[in-house]
Every structure is written in structure tokens, then in C-alpha cells.
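Q: As numbered in the working numbering, the sequence shown has no gaps in its residue numbers, which increase by one up to the final residue, 291.
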Amino acid sequence: MAADRPDLRRQQWSAGSYDTHARFVSELSAGVVDWLAPRPGERILDVGCGDGVLTAELRDMGADIVGVDSSEDFIAAAQARGLDARIMDGEDLRFGPEFDAVFSNAALHWMPQADAVASGICRALKPHGRFVAEFGGHGNVAAIVTAMRAIGIRRGGDLALANPWFFPTPQVYQALLERHGFSVKRIALIPRPVVLKTGIEGWLMLFRKPFFAQFGDSEQQALAETVDLLRPALCDAQGNWTADYVRLRVEAVKS
Ligand code: BEZ
């Protein structure tokens, strides 16, 4: 990659833009936090902690928590909340067996090397430690991906940029965890339509900027065409947009 050209495949995070367009992600985390049921004093690792809003809530519940994320901008925001937050790639976790639990919310779908993630999580857990996570499951944002692929085909773009995510079925993810020495206690696919208070354009540019950037001067045109395709499926008569989220929630124990 030439030094003067941006890497179109790489997701760039901005804590400010995330706060504006995606605050609902941490606000909708009550279910997975219930599954985690953190106990005071427990040492917990939060993989893909983002800007640390949810990590700070777990700390305030009494957990001794470490957050990791590969984004410098997010880690700076998390540290500003007084958290022990470290830059580390979830696909290359560097911990020994020191955690009672590993937690993750809305992050693992950004880590397609799921075997590497699971083995790093297993290594980080004490014997019988638990892994509790929620992320995009099979069918997540299917309408959005289909619309971007249609525009990619129309404009001769790179279709891989429309869907860089890992959205497994419960069966596939359970088998993967079992291969890495986990015993799965419960796993579920949960439809989660989410009203996008700031509309679909902000969502698309926050989460899939690399797809639109590939069209150069036609970036805004490609964005407008994608929005037009999505309107009948995701926009109601009052102009409210709803994203077709589907979550995969899991609790597993290191056996
Ligand atoms: C999600 O949280 O499911 C998600 C967020 C951004 C892009 C794709 C999926």
C-alpha cells in the first residue's frame, strides 16, 4: 500500500462520530450484561471496548476491568473515562489465564478471524472462566448489505467492501467455540430492529465509508443510490429509518 493512499479496506473509527450515530449500541446492552452478571471484584476483559461507555458501567458495578480495542481514537476516549484501556487487536490477544470472564458487545463481527479470537479469549480465561458476548448474527443488516452489493454491481465496485463482517449462525459459532475448548451454556439469535435517530446516511458513512470511498468523486452519488434502494425496506411513512439488526448472544465456559 503506497504511503499516500488510504487503505480502503480498513475501518477508521472516530469516537465523536460514533457517539453521534451509534450511541444506541451501548444503550441496548442490558440483555448481554444480564447474561454476564458481573460480581464485584471479578477480573473481566472487555474485547473491542470501543469508547469505553459500557466498560465504565461494568467497572461501576464493581468489576476489575481491562478494555482492549485496536482503535487509538477509541482507546483515548476510554482512558479519558479513567479505564485501564489498552490498544490490542482482538484477533491477536496477548493475555495469559488471568480473567474470570471475557466480555464483548457489538465488536466480534469486526473480527473475521474468529478462530484466532476464540483461541485468544480461551487463553485469557482462568479454568472454568466464562465468555459472554453479543454481536451481529446471521442475517444481520441483510437489507443494507444487499443494497450496497447492488450498487457495487451497478458501478463495478469491489463487493467485498460491502460486507467485511462475520455474522455466524448459532450452529456455526457453537461448533467454533467447542473446537477451542469451550462448553456452550446458551446461545441465541435475537432480531433487534433499531431505529436510527440520525438516519441511514450517517450509519452508512460511519460503518461502511470504505465501500463508498472506492467510488472517488462519485462517492455521494453511490451513497444516494444506496439510500434510495433501502428506503422502501427500512424507512417508514414518517421518514424514520430502522436498521435490520440481528444479534447473536452467547455464554460459554472454558472447560
Ligand atoms: C452491528 O452492530 O451489528 C453492526 C454495526 C456496524 C456494522 C455492521 C453491524
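Glycine included, each C-beta is placed from N, C-alpha and C at the ideal position.
Could you check where the alpha helix (DSSP H) with L64 kicks off and where it finishes?
A: Taking the first residue of the sequence shown as 1, we reach residue 64 at position 28. Careful: L64 lies outside any alpha helix (DSSP H) and carries neither H nor E.
Q: Near L265, which residues of its chain fall below 8 angstroms by C-beta distance, leaving aside the five closest residues on each side in sequence?
A: Here residue 265 refers to the residue found at position 229 when the sequence shown is read from its first residue. So the qualifying residues of the chain are A183, A186, I187.
Q: Tell me which same chain residues have a C-beta within less than 7 angstroms of the C-beta of Q250, skipping the five on either side of it?
A: What you label residue 250 is simply residue 214 of the sequence shown in a count that begins at 1. Taken in chain order, the residues that qualify are L44, G193, D194, L197.
Q: Could you compute how far the alpha carbon of Y281 sits from the alpha carbon of G175?
A: Stepping through the sequence shown from its first residue, residue 281 is reached at position 245. Stepping through the sequence shown from its first residue, residue 175 is reached at position 139. Looking at the two C-alpha atoms, the distance is approximately 8 angstroms.
Q: In three-state terms, what does DSSP make of C271?
A: In the sequence shown, residue 271 corresponds to position 235, counting from 1. C271 falls in the strand class under three-state DSSP.
Q: Could you compute how far the alpha carbon of M37 sits from the alpha carbon of L225?
A: Mapped onto the sequence shown, residue 37 falls at position 1. Mapped onto the sequence shown, residue 225 falls at position 189. Residue placement at M37 cannot be trusted, given a pLDDT of 34 that sits under 50; what the coordinates show is reported in the next sentence. Near 38 angstroms, if we compare the C-alpha coordinates of L225 and M37.
Q: DSSP state of P206, grouped into three classes?
A: Here residue 206 refers to the residue found at position 170 of the sequence shown. Helix.
Q: Use the C-beta contact count for P268: other C-beta atoms within 10 angstroms, 16 or more gives buried, fewer gives exposed.
A: Along the sequence shown, one-based indexing puts residue 268 at 232. So P268 counts as exposed.
Q: Between Y209 and ligand 1, is there a pair consisting of the residue's CB and a ligand heavy atom that are separated by less than 7 angstroms?
A: Your numbering for residue 209 matches position 173 in the sequence shown. For ligand 1, not one heavy atom lies less than 7 angstroms from the Cβ of Y209.
Q: Beta carbon of T91, beta carbon of L129: below 8 angstroms?
A: Stepping through the sequence shown from its first residue, residue 91 is reached at position 55. Stepping through the sequence shown from its first residue, residue 129 is reached at position 93. No, Cβ-Cβ distance for T91 and L129 is not below 8 angstroms.
Q: Does the beta-carbon of N176, which I'm using as the reference point, lie nearer than 7 angstroms to any heavy atom of ligand 1?
A: Counting from one through the sequence shown, the residue named residue 176 turns up at place 140. Yes, Cβ of N176 sits closer than 7 angstroms to a heavy atom of ligand 1.
Q: What I want to know is whether the C-beta of W293 ends up closer than 7 angstroms to one or more non-hydrogen atoms of ligand 1.
A: This structure does not reach residue 293, given that the chain is present from 37 up to 291, and the question cannot be answered.
Q: Residues in its own chain within less than 8 angstroms of E214 by CB, not counting five upstream and five downstream?
A: Reading the sequence shown from its first residue, position 178 is the one you call residue 214. Excluding sequence neighbours, E214 sits near V220.
Q: Three-state secondary structure (DSSP) at Q47?
A: Working through the sequence shown from its first residue, we reach residue 47 at position 11. Looking at Q47 - three-state DSSP - the assignment turns out to be coil, as it is neither helix nor strand.
Q: Count the other C-beta atoms from every protein chain shown that fall within 10 angstroms of the C-beta of D105, then say buried if there are 16 or more, exposed otherwise.
A: Position 69 of the sequence shown, counted from the first residue, corresponds to residue 105. Per the 10 Å Cβ criterion, buried.
Q: Closer than 7 angstroms to a non-hydrogen atom of ligand 1 - does that hold for the CB of G172?
A: By one-based count along the sequence shown, residue 172 stands at place 136. Because some heavy atom of ligand 1 lies under 7 angstroms away, the Cβ of G172 counts as near it: yes.
Q: Under the three-state reduction of DSSP, which class applies to E214: helix, strand or coil?
A: Numbered from 1 along the sequence shown, position 178 holds the residue referred to as residue 214. E214: helix per DSSP, three-state reduction.
Q: Reducing DSSP to helix, strand and coil, say where T278 ends up.
A: On the sequence shown, residue 278 is found 242 positions in, with the first residue counted as 1. Of the three classes helix, strand and coil, the one that applies to T278 here is strand, per DSSP.
Q: On a Cα-Cα basis, can you pick out the residue from K245, Q47, L259 that is closest to R190?
A: For this step, residue 190 is matched to residue 154 along the sequence shown. The candidate whose alpha carbon is nearest that of R190 is L259.
Q: Would you say the beta carbon of F110 is closer than 7 angstroms to some non-hydrogen atom of ligand 1?
A: Working through the sequence shown from its first residue, we reach residue 110 at position 74. No; taking the cut-off as 7 angstroms, the Cβ of F110 has no heavy atom of ligand 1 nearer than that.
Q: Does at least one heavy atom of ligand 3 sit under 7 angstroms from the Cβ of F247?
A: The model on display carries ligand 1 but not ligand 3.
Q: Could you tell me the boundaries of the alpha helix (DSSP H) in which F110 lies?
A: As a position in the sequence shown, residue 110 is number 74, starting the count at 1. 108–116 is the span of the alpha helix (DSSP H), which, as asked, contains F110.
Q: In angstroms with no decimal places, state the Cα-to-Cα distance between E287 and S254.
A: Along the sequence shown, read from residue 1 onward, the residue named residue 287 stands at position 251. Along the sequence shown, read from residue 1 onward, the residue named residue 254 stands at position 218. Roughly 44 angstroms between the two C-alpha positions.
Q: Cβ of F243 versus every heavy atom of ligand 1: is any distance shorter than 7 angstroms?
A: In the sequence shown, residue 243 corresponds to position 207, counting from 1. Checking the Cβ of F243 against ligand 1 gives yes.
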